[in-house]
Amino acid sequence: MEFDELTSDRRSVRGFRTDPIPREVMTEIVEVATRAPSSMNSQPWHFHVISGDALERIRDGNTERMMAGAAPDREITSHGGYEGVHRERQKEVALQLFDAMDIAWEDKGRRKDWAMRGFRQFDAPVSVVGTIDRNLTHSTVAYFDLGAAVYGMVLAAWERGVGSVINGQGISQSSVVRANGNIPEDQIIVITVAMGYPADGFAANDVKSRRRPVDDVVTFTD
Ligand SMILES: Cc1cc2nc3c(=O)[nH]c(=O)nc-3n(C[C@H](O)[C@H](O)[C@H](O)COP(=O)(O)O)c2cc1C
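In this text, residue positions in the sequence shown follow my numbering: the first is 19, and each later residue adds one.
Here is the structure:
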C-alpha cells in the first residue's frame, strides 16, 4: 500500500480473532517499528510481545483490580481526565464506537462492559508492551521516540492484515503487566498495543474517527 493510503485506511481494531500472529510476522512488524527516528539515534525503546498464559494472567489481574475499584497504578505521569476540546473529541469517538456497538450512552452497565474489554486488551491474542530505559524517565523526548516507533508498528501491522489498538487502559495496572510480562527493572512501562487479526463483523472495527481539518492545526509565517 502507498503510505498515504495506508495512513488513511488504518483504524483502531477492538475485536480480534483468536488465531495467533506468527512469530516471523511479529518480528517483521517490530523491525519496521525500529526504523523510526530517535533523538541522537538513542533508540530508547523495547517491545515485549506477550501472549498465551502470561497475557491471560494480565487480563485476569487487570479485571480483578478494576472491578475492585483499584486506583490507577501506572509508571508514567498521567494528565488525569480530559477537559474542554480534548474531552469533546474523546466523547465524539466514544459515541461513534457505542453507536456501532449499539450501546446507549445512558446504559452505564454496557458502557462499563465496554471499558472492561479495554482493560482485558480487547481479548487480543497479543499485547506488545512498549517500554523505555528507566534512566530516561524524565526525558520527554524518549516518550516522543517511543511514540514514533509505535506508530510505525501499527502501520506495519495494518499493511500485513494485522489489526491493533494502542491501549492505555492495558497499562493502567502496570504492576500486573510488569510481574507477568517479565519486564526488566531498568525499563519503565509506557504503553501497550493490543494486536491480532480483525474479527469479521465486529462493528467497532469499521469506525473511522474524525480528524481536525488541516487548517486548524497548521500555521505558516508566509
Ligand atoms: C496513547 C494512546 C492511548 C490509547 N488508549 C486507548 C484505550 O485505552 N482504549 C481505546 O479503546 N483506545 C485507545 N487508544 C486509541 C484511540 O482511541 C484512537 O487511536 C483514536 O480514537 C483515533 O482512532 P483511530 O486509531 O481509529 O484512527 C489510544 C491511542 C493512543 C495513541
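We put the beta carbon where it would ideally sit given N, CA and C, even for glycine.
With 16 other CB atoms within 10 Å as the buried threshold, where does residue i fall?
i: Val-159; result: exposed
i: Asn-153; result: exposed
i: Asn-80; result: buried
i: Arg-228; result: exposed
i: Pro-216; result: buried
i: Asn-59; result: exposed
i: Gly-98; result: exposed
Could you tell me the boundaries of the beta strand (DSSP E) in which residue i lies?
i: Asp-151; result: 144-151
i: Ile-184; result: 181-184
Any idea what DSSP makes of residue i, helix, strand or coil?
i: Gln-191; result: strand
i: Trp-123; result: coil
i: Val-225; result: coil
i: Phe-140; result: helix
i: Gly-214; result: strand
i: Val-232; result: helix
i: His-2; result: The shown model of the chain, from 19 to 240, leaves out residue 2, and the question about it has no answer.
i: Val-31; result: coil
i: Asp-91; result: strand
i: Phe-116; result: helix
Along the chain, where does the alpha helix (DSSP H) that runs through residue i open and close?
i: Ile-201; result: It is not in any alpha helix (DSSP H) - Ile-201 carries neither H nor E in the DSSP assignment.
i: Ile-76; result: 70-85
i: Ile-47; result: 41-51
i: Phe-162; result: 158-177
When you compare each of the options to residue i by their alpha carbons, which one comes out closest?
i: Glu-203; options: Met-19, Asp-240, Ala-175, Ile-150; result: Ile-150
i: Asn-200; options: Gly-148, Val-183, Asp-91, Ala-221; result: Gly-148
i: Met-44; options: Ala-217, Pro-143, Asp-125, Arg-107; result: Pro-143
i: Glu-42; options: Ala-175, Ala-86, Lys-109; result: Ala-175
i: Gly-181; options: Thr-36, Phe-21, Asp-22; result: Thr-36
i: Phe-140; options: Ala-112, Asp-125, Val-183, Tyr-169; result: Val-183
i: Asp-163; options: Arg-83, Leu-24, Thr-52, Asp-22; result: Thr-52
For residue i, I'd like the list of residues in its chain whose CB is within less than 7 angstroms of its CB, leaving aside the five on either flank, ordered along the chain.
i: Ile-121; result: Arg-128, Arg-129, Trp-132
i: Ala-222; result: Arg-32, Gly-33, Leu-115, Ala-118, Met-119
i: Pro-55; result: Ala-166
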